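Here's the structure, in structure tokens; my notes come after.
Number of protein chains: 2
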Amino acid sequence: MYTAKFLPEIELRKTKLQNAMKNTEADAMLISSNTNLFYTSGRIFSGYTYIPVEGEILFFVRRPVDLKGDNVIYIHKPEDISSIMHERGINMPQKLLLEDDVLTYNERVRLATIFTNATFDNSSQIIRNVRAIKTPYEIELIRESAAKHASMYHRIPAEYKDGMSDTEFSIELERLARLHGSLGIVRIFGSSMEIYMGSLLSGDNADTPSPYDFALGGAGLNSSLPIGCNGAMIRPGTTVMVDIGGNFTGYMSDLSRVFSLGEIPELAQNAHHVALQIQDAIIEKGKPGVPVAELYELALNTAKQAGLEEYFMGHRQHAGFIGHGVGIELNEKPVLAPRSKEILEENMVFALEPKFVIPHVGAVGIENTLLVTKTGIEKITHCPEEIIPLD
Amino acid sequence: MYTAKFLPEIELRKTKLQNAMKNTEADAMLISSNTNLFYTSGRIFSGYTYIPVEGEILFFVRRPVDLKGDNVIYIHKPEDISSIMHERGINMPQKLLLEDDVLTYNERVRLATIFTNATFDNSSQIIRNVRAIKTPYEIELIRESAAKHASMYHRIPAEYKDGMSDTEFSIELERLARLHGSLGIVRIFGSSMEIYMGSLLSGDNADTPSPYDFALGGAGLNSSLPIGCNGAMIRPGTTVMVDIGGNFTGYMSDLSRVFSLGEIPELAQNAHHVALQIQDAIIEKGKPGVPVAELYELALNTAKQAGLEEYFMGHRQHAGFIGHGVGIELNEKPVLAPRSKEILEENMVFALEPKFVIPHVGAVGIENTLLVTKTGIEKITHCPEEIIPLD
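As given, the protein sequences belong to chains A and B, one line each in that order. Residue 243 in full-length UniProt numbering is what sits at position 243 of the first sequence, and the numbering runs on without skipping anything. Residue 10 in full-length UniProt numbering is what sits at position 10 of the second sequence, and the numbering runs on without skipping anything.
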């Protein structure tokens, strides 16, 4: 299932989940989403992870057919789980946590019929809260993604050629990401968001409203994926915001930088500097114990004082947050939003992305991945933050 | 919402869904998955499509903020739907169909609370059955994807360079697909399958079992995505199976071809010819009214008679089907599997993929996208079908 080296990490994660379960009266949780299978086992498989509030994890596996390990038990269908537990003399749970935010309705109904006489509650938010606090090994993987991500971003200007469309430029950057080790896919919590690797937004296309709660939208190339670049030429006097995902290790970093062609109006240059100020102020203020809503307020107030509120986090459509946790998924906890009750804790990792959309120019601003340390905030994505000319 | 040109298409799809609903006693269906929002509206948005068994579609939209159209009604949250229906004097449904195979448990529970006193049933399979029979416009879009897909495949050998790893080759082919207009994402029914654009499998890596019901697996680059190329050099005496998805229009085509380096053993060459024979036999036999299970049997028996059963549709792990419907999603109906009850109907579109995995050589075989016509089967992906040398 996993290598011996990885065993202490699995034990640590199990203990974190078991501790969280102790506040819920639940006897066990049963996991089947890819994200949480990966978190609890270190790999993707088809099947279920069963974690009792005390004792050993069991891995009920359908596929692949060649996994080995002490707690790997092969099944054909989920109904096999209960008969195997009976055979092994394992107590059936009285109260079981299932992933109600992620399981489909029919999967959830089917799983509930297996555990007769049990009551059920939702594990999704409990697991999200546990996953929000990264282990040292997870931080190592995010740092590795961040380093590769930044290394790729250094190479972006060299990929630009005169007369490119936004799509042509994006395609070269997607290739660049893959050559740096990007796995390509971006995992997202929730069922509705669809993204292909990330987005590259040039000029007014950045101001096209999207189906999602994003500061920047983009018309996309097709009504089946109305997000991101739209095939238009990159024009002088506009910016190019590159926000290509950083999944190099199964753990994401998030990073955006702004590039420009020709002379950029002062309004846009000024807004970019305000975004950097917002970033610096939040890094200065952030540490364990600080409510994330205060960081959002700080950002919004700075934008207001600069007279840039109408452009902040979007123009025709505004996003309701300025940052988001990252990890296995791109949108983990905490969410830096005005009504969030979340408090920064040591070993949280989040992307901070103060951005402005300036009509007829494009998007400006910044996005970095930040680690909450014992005493403050450490930036882990390092590359130049000014607007970088492509010409 | 959609252009006037697209209105008759939306009306046609609505009528198909309403006719299907008439067999269910349901008064309406409420749709919220991206796939079915796209099917019923022609675009992706955040919100809901409401289709009564008779009368007009309503589009309840959250985002983007700038959609226009007669039946576009803006909402903040799903609970707004019932108050708006009351205001407009629209009867609340007594029996409502919801997407139980796709909605998350919590979304489904929330939607059910909005329609007090209603009973609920599952729309997912009903919509899948309707979508299995393509409209003329959908067939046009699939033909357009298929033409771009085939055009891209013609260029594959030119992308190979001596000494490439499978990943390096794959990256150039992903770029090639994007330059031909690929949108990048692959939509898949069900919650568990994760694919990045498709797969390129070389040599023994094709025989690595995957978490999914695939004939070919691949170790992948990381345990978080254990599928596809694994970074190994492409070696003489092995094959390279390229199966990169064809989503160029929001509608998919599916296409695989085999390439080779150096001399390929006779067993593999023979298996490739048997795959082509299977394809020809199925195209010869297939027409409206033919049970898909018979086509599966025909394929399996041909493989058995050739003494190749142990390699058919996988070697260390076998897939349970030889073909699958394609459309907005990569795995639509029909599924060409032994116990399927489905019958071919005019205007179904499916990918037929008889493949073999030969140990130490790699995968051979073929995949094309086929249209069921009034009298038979038409192949719509055209490019050479023999094993194509890269050197």
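Note that beta-carbon positions come from the ideal geometry of N, C-alpha and C, so glycine has one too. Predicted model, so just to flag it, every value in this text is computed and none were measured.
Near residue 340 of chain A, what residues of its chain come up, given a Cβ to Cβ distance below 6 Å and the 5 sequence neighbours on each side ignored?
-> Here the question's residue 340 of chain A lines up with position 340 in the first sequence. Closer than 6 Å at the Cβ level, and outside the excluded window around residue 340 of chain A, lie 292 and 293.
Could you tell me how far apart the beta carbons of residue 298 of chain B and residue 240 of chain B are, in whole angstroms, since I believe they sit closer than 8 Å?
-> Working through the second sequence from its first residue, we reach residue 298 of chain B at position 298. Working through the second sequence from its first residue, we reach residue 240 of chain B at position 240. With a Cβ gap of about 28 Å, residue 298 of chain B and residue 240 of chain B do not count as contacting.
Measure the Cβ-Cβ separation of residue 212 of chain B and residue 197 of chain B and say whether it is below 9 Å.
-> The count along the second sequence starts at 1 and reaches residue 212 of chain B at position 212. The count along the second sequence starts at 1 and reaches residue 197 of chain B at position 197. In this structure, the beta-carbon distance from residue 212 of chain B to residue 197 of chain B does not fall below 9 Å.
Does the stretch 111–120 of chain B touch the stretch 111–122 of chain A, meaning 3 or more C-beta pairs lie closer than 8 Å?
-> no
Does DSSP classify residue 62 of chain B as helix, strand or coil?
-> Counting from one through the second sequence, the residue named residue 62 of chain B turns up at place 62. Strand, per DSSP.
Compute the Euclidean distance between the alpha carbons of residue 248 of chain A and residue 166 of chain A, then round it to the nearest angstrom.
-> Position 248 of the first sequence, counted from the start, is the residue given in the question as residue 248 of chain A. Position 166 of the first sequence, counted from the start, is the residue given in the question as residue 166 of chain A. Roughly 24 Å between the two C-alpha positions.
Go ahead and label residue 221 of chain B buried or exposed: buried means 16 or more other beta carbons lie within 10 angstroms of its beta carbon, across all protein chains shown.
-> In the second sequence, counting from the first residue as 1, residue 221 of chain B sits at position 221. By the beta-carbon neighbour count (other beta carbons within 10 angstroms, threshold 16), residue 221 of chain B is buried.
So residue 312 of chain B packs on residue 234 of chain B, CB below 8 Å; how close in whole Å?
-> On the second sequence, position 312 is the one that residue 312 of chain B refers to. On the second sequence, position 234 is the one that residue 234 of chain B refers to. At roughly 24 Å, the Cβ-Cβ gap does not stay under 8 Å, so residue 312 of chain B and residue 234 of chain B are not in contact.
With DSSP collapsed to three states, give me the class of residue 330 of chain A.
-> Sequence index remark: in the first sequence, residue 330 of chain A carries index 330 (1-based). DSSP places residue 330 of chain A in coil when its eight states are reduced to three.
In chain B, which residues lie with their C-beta within 8 Å of the C-beta of residue 249 of chain A?
-> Along the first sequence, one-based indexing puts residue 249 of chain A at 249. By Cβ distance, chain B contributes 222 and 224.
Spatial neighbours of residue 143 of chain A within its chain, please: CB distance less than 6 Å, with the 5 preceding and 5 following residues excluded, ordered by chain position.
-> Counting from 1 along the first sequence, the entry for residue 143 of chain A is found at position 143. Only 380 meet the Cβ criterion.
Go ahead and label residue 236 of chain B buried or exposed: buried means 16 or more other beta carbons lie within 10 angstroms of its beta carbon, across all protein chains shown.
-> Locating residue 236 of chain B in the second sequence gives position 236, counting from the first residue. Flag for residue 236 of chain B reads exposed.
For a contact meaning CB atoms closer than 8 Å, what does residue 70 of chain B contact in chain A?
-> Taking the second sequence and counting its residues from 1, the one referred to as residue 70 of chain B is at position 70. Those do not exist, as residue 70 of chain B stays about 18 Å from chain A at its closest Cβ, beyond 8 Å.
CB contact check: residue 212 of chain A to chain B, cutoff 9 Å = The residue given as residue 212 of chain A occupies position 212 in the first sequence. Interface residue (Cβ-Cβ distance to chain B less than 9 Å): residue 212 of chain A is classified as such.
Give a yes or no on contact between the stretch 342–350 of chain B and the stretch 300–314 of chain B, applying the rule of three or more CB pairs nearer than 8 Å.
-> No: the two stretches stay apart, fewer than three of their Cβ pairs being nearer than 8 Å.
Buried versus exposed call for residue 469 of chain A [16 or more other C-beta atoms within 10 Å across all chains shown] | Nothing about residue 469 of chain A can be read from this structure; chain A reaches only from 1 to 391.
From which residue to which residue does the beta strand (DSSP E) around residue 46 of chain B run?
-> Along the second sequence, read from residue 1 onward, the residue named residue 46 of chain B stands at position 46. From DSSP, the beta strand (DSSP E) with residue 46 of chain B extends over 46–52.
Alpha-carbon to alpha-carbon, residue 335 of chain B and residue 256 of chain A = In the first sequence, the residue the question calls residue 256 of chain A occupies position 256. In the second sequence, the residue the question calls residue 335 of chain B occupies position 335. So the two alpha carbons sit approximately 42 Å from each other.
Report the rounded CA-to-CA distance for residue 84 of chain A versus residue 60 of chain A, giving the unit in angstroms.
-> Translated into the one-based positions of the first sequence, residue 84 of chain A becomes position 84. Translated into the one-based positions of the first sequence, residue 60 of chain A becomes position 60. Cα to Cα, the separation comes out at about 10 Å.
Shorter than 9 Å from the beta carbon of residue 58 of chain A to some beta carbon of chain B?
-> Taking the first residue of the first sequence as 1, we reach residue 58 of chain A at position 58. So, not an interface residue.
Check residue 350 of chain A in the structure and name its three-state DSSP category.
-> Your numbering for residue 350 of chain A matches position 350 in the first sequence. Note: residue 350 of chain A maps to strand in three-state DSSP.
Based on the DSSP output, what are the partners of residue 120 of chain B in its beta bridges?
-> In the second sequence, counting from the first residue as 1, residue 120 of chain B sits at position 120. For residue 120 of chain B, which the question treats as bridged, DSSP gives the partners B:96.
Quick one: what does DSSP say residue 370 of chain A is sitting in, helix, strand or coil?
-> In the first sequence, counting from the first residue as 1, residue 370 of chain A sits at position 370. Looking at residue 370 of chain A - three-state DSSP - the assignment turns out to be strand.
Could you work out which residue in B:345, B:36 and B:10 is closest to residue 370 of chain B when comparing CA atoms only?
-> The sequence position of residue 370 of chain B within the second sequence is 370, counting from 1. The shortest C-alpha separation from residue 370 of chain B is found at B:345.
For residue 91 of chain A, the nearest candidate out of A:100, A:56 and A:72 (CA to CA) | The count along the first sequence starts at 1 and reaches residue 91 of chain A at position 91. The residue with the shortest Cα to Cα distance from residue 91 of chain A is A:56.
By the criterion of Cβ-Cβ separation under 8 Å, what are the contact partners of residue 252 of chain A in chain B?
-> For the purposes of this step, residue 252 of chain A is taken as residue 252 along the first sequence, with counting starting at 1. Per Cβ cutoff of 8 Å: no residues; residue 252 of chain A is ~10 Å from chain B at best.
May I ask you to list, following chain order, the residues of the stretch 140–174 of chain B that have a beta carbon less than 9 Å from some beta carbon of chain A?
-> 167, 168, 170, 171, 172 and 174
Please work out which residues of its chain come closer than 7 Å, Cβ to Cβ, to residue 316 of chain B, disregarding the five sequence neighbours upstream and downstream, and give them in chain order.
-> Residue mapping note: residue 316 of chain B aligns to position 316 of the second sequence, counting from 1. Residues of the same chain with a CB within less than 7 Å of the CB of residue 316 of chain B, apart from the 5 flanking positions on each side, are 207 and 209 in chain order.
Anything in the stretch 317–335 of chain A with a Cβ closer than 7 Å to a Cβ of chain E? List those residues in chain order, please.
-> Given the protein chain composition of this structure (A and B), no chain E is represented.
Inspect the beta-carbon positions of residue 258 of chain B and residue 387 of chain B and report whether they are closer than 9 Å.
-> Taking the second sequence and counting its residues from 1, one reaches residue 258 of chain B at position 258. Taking the second sequence and counting its residues from 1, one reaches residue 387 of chain B at position 387. Contact flag set, yes.
Are any of the Cβ atoms in chain B nearer than 9 Å to that of residue 238 of chain A?
-> The sequence position of residue 238 of chain A within the first sequence is 238, counting from 1. No, its Cβ sits nowhere closer than 9 Å to a Cβ of chain B.
Neighbour list for residue 292 of chain B in chain A, Cβ cutoff strictly below 8 Å = Taking the first residue of the second sequence as 1, we reach residue 292 of chain B at position 292. The premise fails here: residue 292 of chain B is roughly 23 Å from chain A at the closest Cβ pair, so nothing lies under 8 Å.
According to the neighbour-count rule (16 or more other Cβ atoms, all chains shown, within 10 Å of its Cβ), is residue 88 of chain A buried or exposed?
-> Taking the first residue of the first sequence as 1, we reach residue 88 of chain A at position 88. That one is exposed.
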